[in-house]
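Okay, so here's the structure we're looking at.
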Amino acid sequence: MVDVLARPAAPERLNGRSTTLLVSGFLAVVIGAVIALVPAPYAIYAPGPVTNVLGVVGSKRLISISGAPTYPAKGTLDMTTVSVYGGPGRTLRLPQVLQAWLSRSQAGLPQDQVFPPGETATQVSTQNAAEMSDSQQSATAAGLRETGLVVPETVTIAEVSRTAPAAGVLRAGDVITGVNGLTVVDSSAVRAAVSALKPGAPVTVTVRRDGRGVQERTTTTKQDGRTILGVGLAPTFRFPVDVTFATRDVGGPSAGMMFALGIYDLLTPGELTGGVQVAGTGTIDAAGVVGPIGGIAQKLVGARSAGARWFLAPAANCGEVVGNVPDGLRVVRTASLHESRVAAQATAAGRGAALPTCR
339 MVDVLARPAA
349 PERLNGRSTT
359 LLVSGFLAVV
369 IGAVIALVPA
379 PYAIYAPGPV
389 TNVLGVVGSK
399 RLISISGAPT
409 YPAKGTLDMT
419 TVSVYGGPGR
429 TLRLPQVLQA
439 WLSRSQAGLP
449 QDQVFPPGET
459 ATQVSTQNAA
469 EMSDSQQSAT
479 AAGLRETGLV
489 VPETVTIAEV
499 SRTAPAAGVL
509 RAGDVITGVN
519 GLTVVDSSAV
529 RAAVSALKPG
539 APVTVTVRRD
549 GRGVQERTTT
559 TKQDGRTILG
569 VGLAPTFRFP
579 VDVTFATRDV
589 GGPSAGMMFA
599 LGIYDLLTPG
609 ELTGGVQVAG
619 TGTIDAAGVV
629 GPIGGIAQKL
639 VGARSAGARW
649 FLAPAANCGE
659 VVGNVPDGLR
669 VVRTASLHES
679 RVAAQATAAG
689 RGAALPTCR
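What follows is the structure, encoded as structure tokens:
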């Protein structure tokens, strides 16, 4: 019998298709790794924390009032926020932005639509803090005035646009006391007097400068279809009561309306919301005008996740509200603090279904 030695089998050679698949897979891994490291000049909006302005932050009430009787407020007036990822000093990667685009609760936006070009992280933080402080002052004035209290106001010019006709005529630090012979006592009266004129119309502005009254003649100009003087106003107030806020890690002006509602609720008898959980957002000025904000879609999601069934939204944001309202949340549009207050009272009385919404 002859022994036969078995030879080891020769390794199989990869055919062309297998080689192509291996190379393609390798390239896909490399490309994926590269993409994961590519910085993306975008910012992401996501639902942020929701806080009851009638509640407590840490060991302090979010809104504290002294110098006038206050009333227990056990209802819920939720201020909504947006968490922003990316921006100066916080570079995002492309996969993060792609995930935000695919999410129903997030939004990926070009960075320069969210932050002014060239600003540093410190400048952004400082600006947000300043806007929050200004919004609290305006909210205090609006909330107190809604209760019927008188809040004296001084209207000071903060800056004059270099391209406005008023440049070289009106000065930063001037206190405006009259427009075309009419006495003005607050910033809303100044704006109303100017907006009643046509762009390019002559106007006489009475100011207090260096302790004496001065009349200056200039002309109006136009911006975004509105008649303006071309000056920035910095109103200051003499509040009849002391109002303080204990906010933490929140910036920007968008909580102004909810702050003002909270002040009104604390200073008036009864429950403004009747125990109903009401959320909302919106800037506010001292006259109680509610203005638009950013990230409304994310705030709607955050409010509903926190349990709110009613949401007060600026009328100017209605275009972004439609199509983004979570199930179980009813949006009420509002253009003023008074409308917001009436809406909150209507929900408390069970009449919320008749309130105007965004369409």
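Everything in the sequence shown is counted per my numbering, starting at 339 for the first residue and increasing by one.
Think of the CB as a built atom: it goes at the ideal place given N, C-alpha and C, for glycine as much as any other residue.
The structure presented is a predicted model; accordingly, all values stated were derived computationally and were not measured.
(request) Could you pull out every residue in the same chain whose Cβ sits closer than 7 angstroms to the Cβ of R555, ignoring the five residues on either side in sequence? (result) P540 and T542
(message) For a test of the three-state rule: what should DSSP assign to T458, helix, strand or coil?
(response) coil
(request) Given a cut-off of 8 angstroms, decide if V670 and P652 are closer than it, judged by their beta-carbon atoms. (result) no
(request) Return the residue from the list Y380, P385 and A381 that minimises the CA-CA distance to R642. (result) Checking every option, the nearest Cα to that of R642 belongs to P385.
(message) Comparing C-alpha positions only, which one of G456, Q615 and D524 sits nearest to A624?
(response) D524
(request) With DSSP as the reference, label I382 as helix, strand or coil. (result) Looking at I382 - three-state DSSP - the assignment turns out to be strand.
(request) Give the secondary structure of I433 by DSSP, where H, G and I count as helix, E and B as strand, and everything else as coil. (result) Checking the sequence, you will find Pro at residue 433 rather than Ile. Helix at P433.
(request) Mind reading off the beta-carbon distance from A692 to V616? Whole number of angstroms is fine, and I expect it under 8 angstroms. (result) A692 to V616, Cβ: 16 angstroms. No contact.
(message) According to DSSP, is L508 part of a helix, a strand, or is it coil?
(response) strand
(message) Does chain C have any CB closer than 8 angstroms to the CB of V680?
(response) This model lacks chain C altogether, as it is built from one protein chain only.
(request) Please state if the CB of A411 and the CB of D580 are separated by a distance shorter than 8 angstroms. (result) No. Outside cutoff.
(request) Measure the beta-carbon distance from S678 to L599 and round it to whole angstroms, keeping in mind my assumption that it falls under 8 angstroms. (result) 6 angstroms
(message) Excluding the 5 residues flanking V680 on each side, which residues of the same chain have their C-beta closer than 6 angstroms to its C-beta?
(response) If we look at V680 and ignore the five residues flanking it on each side, it has no Cβ neighbours.
(request) List the residues that DSSP assigns as beta-bridge partners of F649. (result) A617 and V669
(request) Would you mind working out which of G640, S499 and P433 sits nearest G618, comparing C-alpha positions? (result) G640
(request) Verify whether the separation of the beta carbon atoms of Q465 and F597 is less than 8 angstroms. (result) no
(message) Quick check on DSSP: helix, strand or coil for D587?
(response) It is coil, neither helix nor strand.
(message) By the DSSP assignment, the beta strand (DSSP E) with D416 in it spans what residues?
(response) According to the DSSP assignment, D416 belongs to the beta strand (DSSP E) that extends over T414 to G424.
(message) Suppose you measure from the CA of T478 to the CA of S463; what does that come to, to the nearest Å?
(response) 23 angstroms
(request) Could you work out which residue in R509, T611 and L430 is closest to Q449 when comparing CA atoms only? (result) Q449 has its Cα closest to that of L430, out of R509, T611 and L430.
(message) Across the stretch 570–590 and the stretch 515–522, are there enough close Cβ pairs to call them in contact, namely three or more that are closer than 8 angstroms?
(response) no
(message) Tell me the DSSP secondary structure of G446 in three-state form.
(response) In the displayed model, G446 falls within a strand according to three-state DSSP.
(request) Using beta-carbon positions only, say whether L638 and V663 come within less than 8 angstroms of one another. (result) yes
(message) If you follow the alpha helix (DSSP H) that V659 is in, where does it begin and where does it stop?
(response) C656 to V659
(message) Tell me whether E484, by its Cβ, gets closer than 7 angstroms to a heavy atom of the ligand GTP.
(response) What this structure holds is no ligand at all, so the ligand GTP is not there to describe.
(request) Look at the alpha carbon of E609 and the alpha carbon of R564, and state the distance between them as a whole number of angstroms. (result) C-alpha separation (whole angstroms): 39 angstroms.
(message) So R546 and V513 are supposed to be a Cβ contact under 8 angstroms. How far apart are they, rounded?
(response) 4 angstroms
(request) Measure the alpha-carbon distance for T485 versus S674 and round it to whole angstroms. (result) 14 angstroms
(message) Residues in the same chain with beta-carbon distance under 8 angstroms from V532, minus the five sequence neighbours each way, listed in chain order, please.
(response) Excluding sequence neighbours, V532 sits near V517, V541, T558, T565, I566 and L567.
(request) Apply the 10 Å Cβ neighbour rule to L440 and answer buried if 16 or more other Cβ atoms are within range, or exposed otherwise. (result) exposed
(message) Alpha carbons only, please: which of T515, V395, N390 and I401 is nearest the one belonging to T582?
(response) I401
(request) Less than 8 angstroms between the CB atoms is what I'm expecting for E457 and P426, so what's the real figure, rounded? (result) 6 angstroms
(request) Quickly, what does DSSP pair K560 with across the bridge? List them, please. (result) T565
(message) Short of 8 angstroms in beta carbon distance, which residues of its chain neighbour A374, apart from the five on each side in sequence? Order them along the chain.
(response) Confidence at A374 is low in this model, with a pLDDT of 47, below 50, so its placement is unreliable and no value can be given for it.
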